[in-house]
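The next block holds one structure in the form of structure tokens; read it before the comments.
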Amino acid sequence: MLSSLSQQASFSPLLANVHSYASGLFGESSTLAFLTNSVLVALVVMSIVLWFSRKATKNMTLVPHKAQNFLEFIVEFLYNQVVGIVGEKQAKLAFPLLGTLFIYILVSNWFGLFPGVGTIGWGESTGFLSVKAAHDPLLRPPTADLNATIGLAVSAFLVWLFLTIKEIGIWGFVVHTFGPKGGLKGVMGMVVAAVFLFVGVIEVVSIIIRPVTLSIRLFGNIFAGENVIHTMSDLMAGQGAIGSFLGSVVLPLPFYFMELLVGLLQAIVFTLLCAVYIQLSTTHDDHGHEEAHH
Amino acid sequence: MPTIIAAGKVDAIVEKFGLAWPKFFAQVIIFWVVFTILKKYAFGPILGMLEQRRQRIADGEAKLEKIAKDAAEAKQNAQALLDKAEADAARLVKEADEAAKAIQERRQQEAVSSANTIIAKAREAAQLEQEQLMSQLKREFGRMVSDATSRVTGKVLNTDDQTRINQETAAQVSA
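Protein sequences appear in the order of chains A and B.
For what it's worth, this note's numbering labels the leading residue of the first sequence as 48, then goes sequentially.
For what it's worth, this note's numbering labels the leading residue of the second sequence as 36, then goes sequentially.
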């Protein structure tokens with residue numbers, strides 16, 4: 048009964064056919080196979096970010112011009128958030144990574160909402176410059192490509208590792224992860240040490256999983272957003288020219304606002320989680336050490 | 036067997052999501068380019084500018100505080116000067132008042148003294164004039180008595196007679 052209901056209620060035919068992978072612009076056998084539609088958008092996003100940062104930081108004055116004022120607002124807001132999480136000392140080192148992550152992810156996420164992204168491309172031709180559906184779109188947001196999100200997560204992981212080792216050293220990291228806390232001695236101390244050793248193993252597993260969770264969370268949200276907007280746009284595809292046009296304009300509109308929010312939220316989540324990871328591993332166990340010395 | 040299954044699943048995931056090292060590295064390189072350039076040319080100058088502005092605001096606040104303190108001190112000094120000026124003015128007015136009273140009293144005394152002198156002089160002059168008139172009157176009476184006596188008696192009076200008549204007449208007039 049449940050099975051048949053589930054089959055009847057299946058929405059899979061309703062979903063738009065958005066690929067879960069980025070399409071290559073030159074074919075898989077080409078030497079430029081790495082140049083996918085998401086890499087192309089990543090280059091565009093990079094250009095936008097660098098162009099604006101150049102515009103904002105050119106001829107800087109104490110009384111800021113508009114672009115400078117806007118970038119200062121973003122940087123100051125982000126820096127204060129980072130200081131609140133990792134502290135003043137680590138913020139100076141970690142902020143460039145975290146700030147770049149936030150800005151790059153946010154611009155990438157929102158870039159996917161521009162008209163034409165995911166809808167202009169190659170597909171079954173229905174006339175001059177017209178296709179039934181863009182199976183291989185020209186543009187795809189980088190954060191809807193798992194290669195990019197894994198790349199971001201691995202980059203963040205490498206910087207996290209560098210900051211952690213720089214702050215507490217390799218041995219400090221081992222002690223921080225596996226070392227017993229509480230300063231107990233004797234039999235109880237050995238029991239606690241065994242427990243903390245086990246906890247340390249779990250901690251190592253969780254550290255290894257972090258790039259996976261970070262990348263899949265970001266990819267999943269943005270890819271899902273792409274699917275939702277495409278699906279809503281195509282919902283009235285067979286209802287005549289006017290119905291199809293109105294449906295493709297009106298129906299996805301509320302979801303654009305939702306995706307604006309999701310894009311911002313995912314940029315914040317990714318950045319804040321990285322900040323929290325840095326804070327957790329660079330905090331000194333002074334209290335525990337003092338107790339251990341006693 | 037489980038390893039083969041896991042490997043098969045990984046391959047399926049890699050294929051489904053189009054994972055490939057060149058695409059991965061392309062994305063990583065793009066991100067690191069953005070990261071490096073923003074770190075050097077955007078975040079550094081922006082944070083520097085924010086720090087510079089924060090310092091300037093702190094300096095401004097410190098200056099404002101100093102100005103407020105100086106203003107309070109200046110107000111206090113001005114009040115002290117005003118109080119001193121008021122006290123000096125009051126003292127000067129009092130001194131001037133006392134001086135004026137002293138001068139008035141002295142002038143009054145001088146006026147009284149001058150009036151007394153004038154009265155005394157007038158009195159002396161009147162006395163002198165009275166005496167002169169009296170002397171003249173005596174002489175006139177003496178002469179008239181001598182004339183009358185000589186006419187009555189028909190005798191020419193000599194000097195002794197005249198002197199004696201004059202003295203008697205003067206003595207009677209004085210009485």
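Backbone N, C-alpha and C define an ideal beta-carbon position, used for all residues, glycine too.
For residue 126 of chain B, go through chain D and note every residue whose CB falls closer than 9 Å to its CB, in chain order.
Here chain D cannot be found, since the structure's protein chains are A and B.
In terms of residue numbering, what span does the beta strand (DSSP E) encompassing residue 173 of chain A cover?
Residue 173 of chain A sits at position 126 when you count from the first residue of the first sequence. Taken as a continuous stretch (DSSP letters only), the beta strand (DSSP E) holding residue 173 of chain A covers 172 to 174.
Could you tell me if residue 99 of chain B is buried or exposed, where buried requires 16 or more neighbouring beta carbons within 10 angstroms of its beta carbon?
Here residue 99 of chain B is taken as the residue at index 64 of the second sequence, counted from 1. The residue is exposed, with fewer than 16 neighbouring Cβ atoms inside 10 Å.
Just to confirm, are residue 66 of chain B and residue 198 of chain A a CB contact at a threshold of 9 Å?
For the purposes of this step, residue 66 of chain B is taken as the residue at position 31 of the second sequence. For the purposes of this step, residue 198 of chain A is taken as the residue at position 151 of the first sequence. Against a cut-off of 9 Å, the Cβ pair of residue 198 of chain A and residue 66 of chain B comes out as a contact.
Taking all protein chains shown into account, decide if residue 322 of chain A is buried (16 or more other Cβ within 10 angstroms of its Cβ) or exposed.
By 1-based counting over the first sequence, the position of residue 322 of chain A is 275. Buried, because 16 or more other Cβ atoms sit within 10 Å of the Cβ of residue 322 of chain A.
Less than 8 Å between C-beta atoms, sequence neighbours within five positions excluded: which residues of the same chain meet that for residue 140 of chain B?
Looking up residue 140 of chain B in the second sequence gives position 105. Closer than 8 Å at the Cβ level, and outside the excluded window around residue 140 of chain B, lies no residue.
Whose Cβ in chain B lies nearer than 7 Å to the Cβ of residue 197 of chain A?
For the purposes of this step, residue 197 of chain A is identified with residue 150 of the first sequence, where counting begins at 1. Correct list: 59.
By the DSSP assignment, the alpha helix (DSSP H) with residue 158 of chain B in it spans what residues?
The residue labelled residue 158 of chain B in the question sits at position 123 within the second sequence. Looking at the DSSP string, the run of the alpha helix (DSSP H) that includes residue 158 of chain B is 79 to 188.
I'd like the span of the alpha helix (DSSP H) that includes residue 19 of chain A, first residue to last.
Here chain A covers residues 48 to 341 and nothing more, so residue 19 of chain A does not appear.
Under 8 Å by Cβ, that's how I've got residue 141 of chain A and residue 126 of chain A pegged, so tell me the actual separation to the nearest angstrom.
By one-based count along the first sequence, residue 141 of chain A stands at place 94. By one-based count along the first sequence, residue 126 of chain A stands at place 79. Not really, about 10 Å apart at Cβ, beyond 8 Å.
What separation, rounded to the nearest whole angstrom, lies between the Cα atoms of residue 168 of chain A and residue 85 of chain A?
Counting from 1 along the first sequence, the entry for residue 168 of chain A is found at position 121. Counting from 1 along the first sequence, the entry for residue 85 of chain A is found at position 38. Spanning the two alpha carbons is a distance of roughly 13 Å.
Work out the CA separation of residue 43 of chain B and residue 122 of chain A for me, nearest whole Å.
Here residue 122 of chain A is taken as the residue at index 75 of the first sequence, counted from 1. Here residue 43 of chain B is taken as the residue at index 8 of the second sequence, counted from 1. Distance between the alpha carbons of residue 122 of chain A and residue 43 of chain B: 45 Å.
Exposed or buried, residue 234 of chain A, counting other C-beta atoms within 10 Å across all chains shown (16 or more means buried)?
The sequence position of residue 234 of chain A within the first sequence is 187, counting from 1. Exposed.
For chain A, check one thing: does any of its Cβ atoms lie closer than 9 Å to the Cβ of residue 45 of chain B?
Locating residue 45 of chain B in the second sequence gives position 10, counting from the first residue. It does not; no Cβ of chain A falls within 9 Å.
Taking a Cβ distance cut-off of 8 Å, strictly less, list which residues of the region 72 to 95 of chain B are near chain A, in chain order.
Residues 72, 73, 74, 76, 77, 78, 80, 81, 82, 84, 85, 87, 88, 91.
Do residue 318 of chain A and residue 152 of chain A have their C-beta atoms within less than 9 Å of each other?
Position 271 of the first sequence, counted from the start, is the residue given in the question as residue 318 of chain A. Position 105 of the first sequence, counted from the start, is the residue given in the question as residue 152 of chain A. Yes.
Can you pull the chain B neighbours of residue 90 of chain A, defined as C-beta to C-beta under 7 Å?
What you label residue 90 of chain A is simply residue 43 of the first sequence in a count that begins at 1. In chain order: 65.
When you compare only the Cα positions, how much space is there between residue 91 of chain A and residue 232 of chain A?
Here residue 91 of chain A corresponds to residue number 44 of the first sequence, with the count starting at 1. Here residue 232 of chain A corresponds to residue number 185 of the first sequence, with the count starting at 1. Going by the C-alpha atoms only, they are around 60 Å apart.
Just verifying my parser: in three-state terms, what is the DSSP assignment at residue 178 of chain A?
Here the question's residue 178 of chain A lines up with position 131 in the first sequence. Reduced to three states, the DSSP call for residue 178 of chain A is strand.
Check distances from the C-beta atoms of the region 98 to 132 of chain B to those of chain A and list, in chain order, the residues that come in under 8 Å.
The region 98 to 132 of chain B vs chain A, Cβ under 8 Å: nothing.
Since residue 69 of chain A and residue 187 of chain A should fall inside the 8 Å C-beta cutoff, what is the C-beta to C-beta distance between them, to a whole number of angstroms?
Reading the first sequence from its first residue, position 22 is the one you call residue 69 of chain A. Reading the first sequence from its first residue, position 140 is the one you call residue 187 of chain A. Between residue 187 of chain A and residue 69 of chain A the Cβ distance is about 5 Å, and since that is below 8 Å, they are a contact.
Buried or exposed: residue 207 of chain A, going by 16 or more other Cβ atoms within 10 Å of its Cβ?
Here residue 207 of chain A is taken as the residue at index 160 of the first sequence, counted from 1. So residue 207 of chain A counts as buried.
For the alpha helix (DSSP H) holding residue 155 of chain A, just list the boundary residues, first then last.
For the purposes of this step, residue 155 of chain A is taken as the residue at position 108 of the first sequence. From DSSP, the alpha helix (DSSP H) with residue 155 of chain A extends over 113 to 158.
For residue 55 of chain B, go through chain A and note every residue whose CB falls closer than 8 Å to its CB, in chain order.
Within the second sequence, numbered from 1, the residue matching residue 55 of chain B stands at position 20. Near residue 55 of chain B (Cβ distances below 8 Å), the residues of chain A are 80, 81, 194.
Return yes when the Cβ of residue 133 of chain A is within less than 9 Å of the Cβ of residue 326 of chain A, no when it is not.
Counted from its first residue, the first sequence places residue 326 of chain A at position 279. Counted from its first residue, the first sequence places residue 133 of chain A at position 86. Yes, they are a contact pair.
According to DSSP, is residue 183 of chain A part of a helix, a strand, or is it coil?
If you number the first sequence from 1, residue 183 of chain A lands on position 136. Here residue 183 of chain A sits in strand by DSSP.
Between the region 242 to 250 of chain A and the region 161 to 178 of chain A, do at least 3 Cβ pairs fall closer than 8 Å?
The answer is no - the region 161 to 178 of chain A does not touch the region 242 to 250 of chain A, with fewer than three Cβ pairs under 8 Å.
So, helix, strand or coil for residue 71 of chain A, using DSSP?
Taking the first residue of the first sequence as 1, we reach residue 71 of chain A at position 24. It is a strand residue.
On the DSSP bridge assignment, give the partners of residue 169 of chain A in chain order.
Walking along the first sequence from the start, residue 169 of chain A turns up at place 122. Paired residues: A/183.
Hey, how far is the Cα of residue 324 of chain A from the Cα of residue 211 of chain A?
Position 277 of the first sequence, counting from 1, holds the residue named residue 324 of chain A. Position 164 of the first sequence, counting from 1, holds the residue named residue 211 of chain A. Their backbone Cα atoms lie some 10 Å apart in a straight line.
How about residue 214 of chain A: is its C-beta nearer than 9 Å to some C-beta of chain B?
Position 167 of the first sequence holds residue 214 of chain A. No, its Cβ sits nowhere closer than 9 Å to a Cβ of chain B.
Which residues in the same chain have their Cβ closer than 7 Å to the Cβ of residue 146 of chain A, if we skip the five residues on either side of it in sequence?
In the first sequence, the residue the question calls residue 146 of chain A occupies position 99. The answer, listed in chain order, is 122, 125.
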